[in-house]
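Written out below as structure tokens is the structure these notes cover.
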Amino acid sequence: MRTLLLAAAVIVAAPAAAHRFWMVPSATTVAGEDGWVTVDGAISNDLFYPDHQPMRAAPAVVQPDGTEGKVENFAVGKYRATFDLHLTQRGTYKLAQVNDGLMGSYTLNGTEQRIPRGTSAAGFQLPAGATGAKLTEMSSRSELFVTSGAPSEGALKPTGRGLELVPVTHPNDLVAGEPATFRFTADGKPATQLAVTMIAGGGRYREAVGEMALKTDAKGEVTVKWPGAGMYWMNASAQGASSKPGVGRRMAYTAVVEVLPS
Amino acid sequence: MIVKHRFLLAGSALVASPAAAQTMDVTVTVPRLPVAEYHKPYVGIWIEGPDRKAKTLSAWYDVDNAKGEGEKWLVDVRQWWRASGRALDLPLNGVSGATRGPGPQKLSYTPRQLGQLAPGQYTLLVEAAREVGGREVVRVPFSWPPKPGQTASASGRTELGTVTASFRR
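So the protein lines, in turn, are chains G and Z.
For the first sequence, the residue numbers in our numbering are 19 to 280.
For the second sequence, the residue numbers in our numbering are 59 to 227.
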């Protein structure tokens, strides 16, 4: 818990230097009637080498028909977690690690009180006599897409909460040499002028990080020209307005996408 | 299976113009490769027309795999998989076939298999992907309807040899 809060605090202070959360699968595209992929989940500096903290909780799964699924064999190691996804339906699965809630602290009777994890902003009331409240309503979402057969859209409907990716180009239909367009929404509305970062994996064997800094247009869209095939880490964060007065609002989005050779 | 039969029959009903009813003979040369571990390649053979729509003619893979895992590796035939394979309900009669070894492999596609083709520029694509090996695509452009005796060919460099298409009534 403490680690998570600290990590989140670092994101607030300096997004570019934050540890990076990722889920990397053995494949993003599978064929056959009984597909399986195995996935590593971790928080690391270097992409995609687990060198810092494992993913702590299994992600939510949205199946191609829009219903909730589950991962199997979730296990947490020293530096990474692993799990399997059994693709029993044809189409695109969305895996999402979502953290949504109120963070921060206040002082009551001279003692600093931290907001417990899992507190929802809507139901929260500062106790009488609380002072020095520093509260942020945080929505962070980290995603991975895996497709059995042809890509589908059923699992990709945005929830309208936090920063989300709305595919223009399908995230499991990315090919080197073809530009891809993604739309971002913040609480369901187009996220304009949003800074989006893309970094290719395999950084250990490069001199430069080679990050691509993009900015969404008036429609909330960015178009990416992939420098080559590979796994890419995508990240954006934004501030917005909380429905509660005096409360900050932060949103973050992360995804790992695979660009296949043409 | 019954459904697939019906699909093929429905396709045949679309062949309206006898003028364009030509058979395409294709020779795909699978090269003999001096490697320590050789497996016959998975191969996708398809045509793309002026509208870039793909029509699969053949898919060679481990169709008789005991565990039904032959289809699993079809994603490695990447371009074919994306253009057409992923939308198919395999195995497909007249399309799915066993892998083939080194040498010239002769195939014939009847007007019924080709379906009704609008006049224009087409490409025959052959893509091979080999287990613990490489991948290569060979493109053979041709025009439709073909001129009598028309042939077209192109050669691969690594995973495929010469691919030739010729046409006859």
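Just so you know, even glycine gets a beta-carbon here, dropped at the ideal spot from N, CA and C.
Quick caveat: nothing in here was measured; it's all calculated off a predicted structure.
Worksheet item: Taking 7 Å as the CB-CB cut-off, is Thr-47 (chain G) touching chain Z?
Response: Sequence index remark: in the first sequence, residue 47 (chain G) carries index 29 (1-based). So, interface residue.
Discussion item. Looking at the strands, I want to know which residues DSSP matches up with Gly-186 (chain Z).
Written reply: On the second sequence, residue 186 (chain Z) is found 128 positions in, with the first residue counted as 1. The sequence as given places Ala at residue 186 (chain Z); Gly does not occur at that position. Looking at the DSSP assignment, Ala-186 (chain Z) forms a beta bridge with Z:Val-101 and Z:Glu-194.
Worksheet item: Can we say the region 237–255 of chain G touches the region 205–213 of chain G, given the rule of at least three CB pairs closer than 8 Å?
Response: yes
Worksheet item: Considering only C-alpha positions, which residue in the set Z:Lys-98, Z:Glu-95, Z:Leu-172 and Z:Val-86 is nearest to Pro-204 (chain Z)?
Response: Taking the second sequence and counting its residues from 1, one reaches residue 204 (chain Z) at position 146. Cα-wise, what sits closest to Pro-204 (chain Z) is Z:Leu-172.
Discussion item. With three or more beta-carbon pairs closer than 8 Å as the criterion, would you say the region 116–129 of chain G touches the region 89–100 of chain G?
Written reply: no
Worksheet item: Which bits of chain Z does Pro-279 (chain G) rub up against, with CB to CB less than 8 Å?
Response: As a position in the first sequence, residue 279 (chain G) is number 261, starting the count at 1. Per Cβ cutoff of 8 Å: Arg-136.
Worksheet item: When DSSP labels each residue in this structure, what does Glu-51 (chain G) get in the three-state scheme?
Response: One-based indexing of the first sequence puts residue 51 (chain G) at position 33. Coil, per DSSP.
Worksheet item: How many angstroms separate the CA atom of His-188 (chain G) from the CA atom of Leu-150 (chain Z)?
Response: In the first sequence, counting from the first residue as 1, residue 188 (chain G) sits at position 170. In the second sequence, counting from the first residue as 1, residue 150 (chain Z) sits at position 92. So the alpha carbons of these two residues sit roughly 27 Å apart.
Discussion item. Cutting at 8 Å between CB atoms, please list the residues of its own chain near Ala-259 (chain G), excluding the five before and the five after it.
Written reply: Within the first sequence, numbered from 1, the residue matching residue 259 (chain G) stands at position 241. Cβ within range, chain order: Arg-267.
Worksheet item: So which residues on chain Z does Glu-51 (chain G) lean against when the C-beta distance must stay under 8 Å?
Response: Numbered from 1 along the first sequence, position 33 holds the residue referred to as residue 51 (chain G). Those are Gly-126 and Glu-129, listed as they occur along chain Z.
Discussion item. Could you check whether the Cβ of Ala-2 (chain G) sits closer than 7 Å to any Cβ belonging to chain Z?
Written reply: This structure does not reach residue 2 (chain G), given that chain G is present from 19 up to 280, and the question cannot be answered.
Fill in: Start-end ranges of the beta strand (DSSP E) lying completely within the region 200–231 of chain G, minimum 3 residues
213–218
Item to complete: With a 10 Å radius around its C-beta and 16 neighbouring C-beta atoms as the bar for buried, classify Ala-117 (chain Z) as buried or exposed.
Response: One-based indexing of the second sequence puts residue 117 (chain Z) at position 59. Ala-117 (chain Z) is buried by the Cβ-count criterion.
Worksheet entry | Rounded straight-line distance, which links the Cα of Glu-276 (chain G) to that of Ala-194 (chain G) | Locating residue 194 (chain G) in the first sequence gives position 176, counting from the first residue. Locating residue 276 (chain G) in the first sequence gives position 258, counting from the first residue. For Ala-194 (chain G) and Glu-276 (chain G), the distance between alpha carbons rounds to 10 Å.
Worksheet item: Taking the alpha carbon of Val-80 (chain G) as the point to measure from, which residue in G:Glu-171, G:His-70, G:Asp-118 and G:Phe-101 has its own alpha carbon closest?
Response: As a first step, residue 80 (chain G) is located in the first sequence; it is residue number 62 there, counting from the start. Of the candidates G:Glu-171, G:His-70, G:Asp-118 and G:Phe-101, the one whose C-alpha sits nearest the C-alpha of Val-80 (chain G) is G:Glu-171.
Discussion item. Can you tell me which residues form a DSSP beta bridge with Ala-156 (chain Z)?
Written reply: Counted from its first residue, the second sequence places residue 156 (chain Z) at position 98. According to DSSP, Ala-156 (chain Z) bridges with nothing at all.
Worksheet item: Quick one: Cα of Glu-129 (chain Z) to Cα of Trp-54 (chain G), how far?
Response: Taking the second sequence and counting its residues from 1, the one referred to as residue 129 (chain Z) is at position 71. Taking the first sequence and counting its residues from 1, the one referred to as residue 54 (chain G) is at position 36. Near 13 Å, if we compare the C-alpha coordinates of Trp-54 (chain G) and Glu-129 (chain Z).
Worksheet entry | Cα-Cα separation between Gly-220 (chain G) and Leu-162 (chain G), rounded to whole angstroms | In the first sequence, the residue the question calls residue 220 (chain G) occupies position 202. In the first sequence, the residue the question calls residue 162 (chain G) occupies position 144. Taking the straight line joining both Cα atoms gives about 18 Å.
Discussion item. Using beta carbons (cut-off 7 Å, strictly below), is Leu-132 (chain Z) in contact with chain G?
Written reply: Taking the second sequence and counting its residues from 1, one reaches residue 132 (chain Z) at position 74. Yes, its Cβ sits closer than 7 Å to a Cβ of chain G.
Discussion item. So the candidates are Z:Val-190, Z:Pro-162 and Z:Leu-146; which of them puts its Cα closest to the Cα of Lys-93 (chain Z)?
Written reply: Mapped onto the second sequence, residue 93 (chain Z) falls at position 35. Residue identity check: residue 93 (chain Z) is Val in the sequence provided, not Lys. Ranking the options by Cα distance to Val-93 (chain Z), first place goes to Z:Val-190.
Practice prompt. Report the three-state DSSP secondary structure of Pro-169 (chain Z) (helix, strand or coil).
Written response: Here residue 169 (chain Z) is taken as the residue at index 111 of the second sequence, counted from 1. Here Pro-169 (chain Z) sits in helix by DSSP.
Worksheet entry | Cα-Cα separation, Gly-167 (chain G) to Val-184 (chain G) | Residue mapping note: residue 167 (chain G) aligns to position 149 of the first sequence, counting from 1. Residue mapping note: residue 184 (chain G) aligns to position 166 of the first sequence, counting from 1. When rounded, the distance between both Cα atoms is 21 Å.
Fill in: Opening and closing residue of the beta strand (DSSP E) in which Gln-131 (chain G) lies
Position 113 of the first sequence holds residue 131 (chain G). Its beta strand (DSSP E) spans residues 129–132.
Worksheet item: Does DSSP put Gly-128 (chain Z) in a helix, a strand or coil?
Response: For the purposes of this step, residue 128 (chain Z) is identified with residue 70 of the second sequence, where counting begins at 1. DSSP places Gly-128 (chain Z) in helix when its eight states are reduced to three.
Discussion item. Using the three-state DSSP reduction, which class does Ala-141 (chain Z) fall into: helix, strand or coil?
Written reply: If you number the second sequence from 1, residue 141 (chain Z) lands on position 83. Residue state, collapsed to three classes: helix.
Worksheet item: So is Ala-79 (chain Z) in contact with chain G if we call contact Cβ pairs under 7 Å?
Response: Locating residue 79 (chain Z) in the second sequence gives position 21, counting from the first residue. False, the Cβ-Cβ gap to chain G never drops below 7 Å.
Discussion item. Quick test of the definition: if touching needs 3 or more C-beta pairs under 8 Å, does the region 77–87 of chain Z touch the region 207–227 of chain Z?
Written reply: yes
Discussion item. Just to make sure I have the definition right: I need the residues of chain G whose C-beta is within less than 8 Å of the C-beta of Trp-139 (chain Z). Which are they?
Written reply: Locating residue 139 (chain Z) in the second sequence gives position 81, counting from the first residue. Under the 8 Å cutoff, chain G gives Thr-47 and Ala-49.
Worksheet item: Should Tyr-180 (chain Z) be labelled buried (16 or more other beta-carbon atoms within 10 Å of its own) or exposed?
Response: Here residue 180 (chain Z) corresponds to residue number 122 of the second sequence, with the count starting at 1. Flag for Tyr-180 (chain Z) reads buried.
Discussion item. Cβ closer than 7 Å: which chain G residues qualify as neighbours of Ala-145 (chain Z)?
Written reply: What you label residue 145 (chain Z) is simply residue 87 of the second sequence in a count that begins at 1. Those within 7 Å of Ala-145 (chain Z) in chain G are Ala-168.
Practice prompt. Quick one: grab the DSSP three-state call for Tyr-180 (chain Z).
Written response: Numbered from 1 along the second sequence, position 122 holds the residue referred to as residue 180 (chain Z). Three-state result, Tyr-180 (chain Z): strand.
Fill in: According to DSSP, residues forming a beta bridge with Met-73 (chain G)
Numbered from its first residue, the first sequence carries residue 73 (chain G) at position 55. DSSP, once it has assigned bridges, lists no residue as partnering Met-73 (chain G).
Item to complete: May I ask you to list the residues that DSSP assigns as paired with His-188 (chain G)?
Response: For this step, residue 188 (chain G) is matched to residue 170 along the first sequence. According to DSSP, which records beta bridges pairwise, His-188 (chain G) is partnered with nothing at all.
Practice prompt. Measure how close the beta-carbons of Arg-193 (chain Z) and Asp-120 (chain Z) come, nearest whole angstrom, since I'm counting them as under 8 Å.
Written response: Residue numbering aside, residue 193 (chain Z) sits at position 135 when the second sequence is read from its first letter. Residue numbering aside, residue 120 (chain Z) sits at position 62 when the second sequence is read from its first letter. That belief does not hold up - the Cβ atoms of Arg-193 (chain Z) and Asp-120 (chain Z) are roughly 17 Å apart, past 8 Å.
Worksheet item: Going by DSSP, which residues form a beta bridge with Gln-163 (chain Z)?
Response: Mapped onto the second sequence, residue 163 (chain Z) falls at position 105. Gln-163 (chain Z) is bridged to Z:Val-86.
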